[in-house]
Amino acid sequence: MKRIDSRIDTAFEAFRRNHQAMSAIVANFRERMEITRHQRPPHEIKRVRAQGKLLVRERLDLLLDPGTPFLEFSALAACEDYNGEVPGANVVTGLGVVSGREVLIHADDSSVKGGVWYTLTPRKLARLLDIALENQLPVLHLCDSGGAFLEELSGVYIEGGRVFRNQCLLSKAGVPQVAMVFGNCTAGGAYIPALCDYSIIVRGTGGVFLGGPPLVKAATGEEHTADEIGGCDLHTQVSGTVDYPADNEAHAIAICREIVAQFKPATKSYLPERDAEPPYYDPDEMLGIVSPDHRVQFDQRELIARIVDGSRFHEYQPAYGTTLICGYAYIWGYRVGILANNGVLFSDSSKKAAHFISLCNQNRTPLVFLQNTTGYMIGRNYEMEGITKDGAKMLMAQAGSEVPKFTVITSAAFGAGYYGMCGRAWDPRMIWAWPNVHMGVMGPDQAANTLADVKIAQLRRKGHTPDEAEMAQLRQRVYEKAERESNAYFATSRLWDDGLLAPTDTRNALGMALSAAAHAPIADPHYGIFRF
Numbered sequence: 142m143k144r145i146d147s148r149i150d151t152a153f154e155a156f157r158r159n160h161q162a163m164s165a166i167v168a169n170f171r172e173r174m175e176i177t178r179h180q181r182p183p184h185e186i187k188r189v190r191a192q193g194k195l196l197v198r199e200r201l202d203l204l205l206d207p208g209t210p211f212l213e214f215s216a217l218a219a220c221e222d223y224n225g226e227v228p229g230a231n232v233v234t235g236l237g238v239v240s241g242r243e244v245l246i247h248a249d250d251s252s253v254k255g256g257v258w259y260t261l262t263p264r265k266l267a268r269l270l271d272i273a274l275e276n277q278l279p280v281l282h283l284c285d286s287g288g289a290f291l292e293e294l295s296g297v298y299i300e301g302g303r304v305f306r307n308q309c310l311l312s313k314a315g316v317p318q319v320a321m322v323f324g325n326c327t328a329g330g331a332y333i334p335a336l337c338d339y340s341i342i343v344r345g346t347g348g349v350f351l352g353g354p355p356l357v358k359a360a361t362g363e364e365h366t367a368d369e370i371g372g373c374d375l376h377t378q379v380s381g382t383v384d385y386p387a388d389n390e391a392h393a394i395a396i397c398r399e400i401v402a403q404f405k406p407a408t409k410s411y412l413p414e415r416d417a418e419p420p421y422y423d424p425d426e427m428l429g430i431v432s433p434d435h436r437v438q439f440d441q442r443e444l445i446a447r448i449v450d451g452s453r454f455h456e457y458q459p460a461y462g463t464t465l466i467c468g469y470a471y472i473w474g475y476r477v478g479i480l481a482n483n484g485v486l487f488s489d490s491s492k493k494a495a496h497f498i499s500l501c502n503q504n505r506t507p508l509v510f511l512q513n514t515t516g517y518m519i520g521r522n523y524e525m526e527g528i529t530k531d532g533a534k535m536l537m538a539q540a541g542s543e544v545p546k547f548t549v550i551t552s553a554a555f556g557a558g559y560y561g562m563c564g565r566a567w568d569p570r571m572i573w574a575w576p577n578v579h580m581g582v583m584g585p586d587q588a589a590n591t592l593a594d595v596k597i598a599q600l601r602r603k604g605h606t607p608d609e610a611e612m613a614q615l616r617q618r619v620y621e622k623a624e625r626e627s628n629a630y631f632a633t634s635r636l637w638d639d640g641l642l643a644p645t646d647t648r649n650a651l652g653m654a655l656s657a658a659a660h661a662p663i664a665d666p667h668y669g670i671f672r673f
C-alpha cells in the first residue's frame with residue numbers, strides 16, 4: 142500500500158493563515174471542554190463533599206484502568222440549552238477500559254442541582270445504550286441523581302422510557318450491566334440498578350426507591366427517611382433489590398472492578414491485521430489544511446494522510462467520480478474503507494460510493510466517512526443525467542450496509558449529502574464533528590436568500606413592497622439565525638453527534654471505536670456487487 146504523496150507546503154501563507162485560525166477554534170473548544178468537565182460553583186462542590194461523596198471525575202479516575210484512554214461522548218451536550226447551566230446534560234458517558242475489558246460508562250454528575258435529569262439527560266443515556274446494543278459492549282452505571290427536574294417532567298418522562306427499554310434489550314442480548322448506587326435512584330431512576338445484572342450500594346448515601354420521602358408522605362401519610370425507604374440494609378438484606386453492600390465509594394468501585402474481571406472474554410468479529418503505525422505526516426498539519434470558512438474546499442487526501450497508519454492509502458477508482466475519494470487504509474492496525482468528500486456529489490461519485498460500500502460489505506471491512514459536502518448537485522442537466530436516482534442508490538447502499546460505520550464531519554455537512562455520507566439518521570456506530578463544522582439543510586447564505594425571498598414575496602402579495610434597506614435587514618436577520626443554528630456547538634448541544642473532536646484527536650477516537658465495534662458480529666450482506 143503506497144504512502145500518500147502530500148502536496149502541503151507548511152510555509153505557504155494560506156496554510157499559516159488556516160493554522161492560526163483553526164488553532165484558535167480548537168483552543169476555544171478545549172477551553173469549553175475544560176469548563177464543562179471541571180468547573181462547578183463552589184457551593185455545589187461543598188454540598189457534595191458534605192455528603193461524603195466524590196465528584197464524578199474522581200469516581201472515573203478510580204474506576205478506569207490507570208493509563209488507559211477514556212473516549213467521552215457528547216461532553217458538550219446542553220451547552221447551548223438551559224442557559225448553559227447544565228454541563229454535559231448532568232451526565233458523563235463514554236468508552237473506557239476497566240479490569241482490562243472495554244466497557245461503556247454512564248455516570249451521573251450530582252455536582253449540578255443534585256444530578257437531576259433534564260430532557261436531554263435520558264436522551265444522552267439512551268444514545269449510550271444504543272451504542273452498547275449495536276456494539277455488544279458491557280455498561281457500568283454510576284448512579285447518583287435526584288430524579289427528574291420538576292420543570293422538565295414531561296420531556297424526561299417520554300425520553301426516560303427508552304433508557305429502561307434499552308436496558309431490557311441489553312439483558313436479552315446477554316450484554317452485562319453493573320450499577321453502583323452512590324446517591325439516590327429516585328422514581329424511574331430506581332429501575333436502572335433493578336435492571337442490571339449486578340448492583341452495589343454505598344451504605345449511608347445510596348438509596349433506591351420509586352417514591353422518595355416527600356412523595357411517600359404526600360401519597361400515604363407515612364414519614365420515613367430515605368435510608369428507611371430504600372437504603373443499603375433494606376435492599377441488600379430484605380428486598381434483595383441490590384446485591385452488594387459497600388462501606389464507601391472506593392469500596393463500591395473495587396467490587397465493580399472485581400465483577401467486570403469475571404466477565405467472559407470478548408470474542409471479536411475482526412482483529413488488527415498488522416501492527417499499528419503512526420501517520421508519516423504530522424497530524425497537527427491538519428489545522429493548516431482545513432479552512433475555518435466551510436465554503437473553502439481542500440483535498441481530503443491530505444487529512445487521510447494524517448489520520449491513517451503510515452499515511453498509506455489504496456485509492457479505489459481514482460479517475461472516476463473524483464469529487465468522492467474511496468479507498469482502503471489501516472487505523473490502529475484495523476483495515477477500513479474510507480469515503481471522503483472532495484466537493485459536491487455528482488451522479489458518478491454517488492454510484493462510486495454505492496459500489497464501494499457494497500465491496501466493503503462483501504469483505505467485512507468497516508467504513509469510515511470523512512464528511513465535507515454541500516450536498517448533491519442540482520440543476521436540469523444533472524436531473525437529466527439521473528442525479529436523484531443515483532443519489533438514491535448511495536442511500537440504499539447505506540441502509541443495506543452491515544459493517545460498522547463511523548462518521549467524522551470535518552467542515553461542511555449540508556443537504557441530502559449529509560445523509561448520503563452516513564449522517565446520524567443512517568446509524569453510524571459513532572459520529573463526531575470538528576468544532577469548525579457547519580451543518581444544516583443548506584448553508585447560511587442560501588438560507589438567507591431563499592427564506593428572505595419567500596418572505597418578500599409574501600409581503601408583496603399583501604400589498605407591501607419592501608425597500609432595499611428593509612430587504613437587507615430581513616436577509617441579515619435570517620442569515621444570523623441560520624449561522625447560529627448551523628454551527629457545531631448548536632448541533633452537539635442537541636446530541637446530533639456523539640461529541641466534538643479536535644482534528645488531532647480523530648485518529649485515536651476512530652481506533653478506540655473500531656476496537657469496541659468488533660465486539661459485535663457482522664451479519665452477512667444480503668446483496669451482491671452492483672456495478673451501477
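Numbering (this note's numbering), first residue to last: 142 to 673. Each residue gets a CB set at the ideal place from its N, CA and C atoms; glycine is no exception. All values reported here derive from a predicted model rather than from experimental measurement.
Asked	Found
Sort Ile166, His179, Gly287 and Arg635 by Cα distance to Pro433 and report the nearest one.	Ile166
Considering Cα atoms alone, identify which of Val319, Met653 and Leu205 is closest to Gln308.	Val319
In the region 562-618, which residue ranges form an unbroken beta strand (DSSP E) of at least 3 residues, counting only runs that do not cross its ends?	571-574 and 579-581
For Cys563, which residues from the same chain have a beta carbon less than 7 Å from its beta carbon, with the 5 sequence-adjacent residues on both sides left out?	Phe510, Gln539, Lys546, Thr548 and Pro569
Can you tell me whether Gly208 is buried or exposed? The criterion is at least 16 other CB atoms within 10 Å of its CB, across all chains shown.	exposed
When you measure from the CB of Glu369 to every non-hydrogen atom of the ligand GTP, does any distance come out below 7 Å?	Here there are no bound small molecules, and the ligand GTP is not part of this structure.
Taking DSSP as the reference, what is the three-state secondary structure of Lys546?	strand
Taking 7 Å as the limit between beta carbons, can you name the residues of its chain near Val239, skipping five residues before and five after?	Leu204, Leu205, Asp206, Leu281, Arg398 and Val401
Going by the beta-carbon positions, is the gap between Glu390 and Phe487 smaller than 8 Å?	no
Pick out whichever of Asn483, Tyr469, Val437 and Thr361 has its Cα sitting closest to the Cα of Gly451.	Tyr469
Just the Cα atoms here: how many angstroms apart are Leu592 and Thr606?	16 Å
Could you check what DSSP says for Val197 in three-state terms: helix, strand or coil?	helix
Any contact of the region 379-393 with the region 353-370, i.e. 3+ C-beta pairs under 8 Å?	no
Taking all protein chains shown into account, decide if Ile519 is buried (16 or more other Cβ within 10 angstroms of its Cβ) or exposed.	exposed
In chain order, what residues of the same chain have a beta carbon less than 7 Å from the beta carbon of Lys409, not counting five sequence neighbours either side?	Ala659 and His660
Would you call the CB atoms of Ile370 and Phe350 closer than 8 Å?	yes
Can you tell me whether Ala460 is helix, strand or coil according to DSSP?	coil
Taking only the alpha-carbon atoms, compute the straight-line gap between Leu212 and Arg648 and give it to the nearest angstrom.	12 Å
Scan the region 282-318 and note each continuous alpha helix (DSSP H) run of 4 residues or more that stays entirely inside, going in chain order.	294-313
For Ser552 versus Asn577, is the C-beta spacing smaller than 8 Å?	yes
Report all residues from its chain with a CB closer than 7 Å to the CB of Lys534; omit the five preceding and five following residues, and keep chain order.	Ser491, Lys492, Ala495 and Phe673
In whole angstroms, what separates the C-alpha of Asn643 from that of Pro424?	Reading off the sequence shown, one finds Ala at residue 643, where the question assumed Asn. So the two alpha carbons sit approximately 11 Å from each other.
So Leu274 packs on Ala248, CB below 8 Å; how close in whole Å?	So it is not a contact: roughly 19 Å between Cβ atoms.
Run through the DSSP bridge pairs and tell me what Thr327 is partnered with.	Phe350
What does the Cβ neighbour count give for Ala598, buried or exposed, with the cut at 16 atoms within 10 Å?	exposed
Tell me the residue span of the alpha helix (DSSP H) that contains Ala632.	Ala629 to Ser634
Can you tell me where the alpha helix (DSSP H) holding Cys501 begins and where it ends?	Ser488 to Gln503
For a test of the three-state rule: what should DSSP assign to Thr645, helix, strand or coil?	helix
Determine the closest residue to Ala417 out of Arg601, Trp473, Ala610 and Leu428, with distance taken between C-alpha atoms.	Trp473
Taking the Cβ atom as the reference point for each residue, do Gly329 and Gly348 lie within a distance shorter than 8 Å?	no
For a minimum of 4 consecutive residues, which ranges assigned as the alpha helix (DSSP H) are wholly contained in the region 332-376?	332-335, 354-361 and 367-371
Leu636 to Gly604, Cα distance in whole Å?	43 Å
Taking the beta strand (DSSP E) that His247 falls in, what are its first and last residues?	Arg242 to Asp249
With DSSP as the reference, identify every bridge partner of Arg476, one or two as the case may be.	Tyr471
Following the continuous beta strand (DSSP E) through Leu511, name the residue where it begins and the one where it ends.	Leu508 to Thr514
By DSSP, does Val431 sit in helix, in strand, or in coil?	coil
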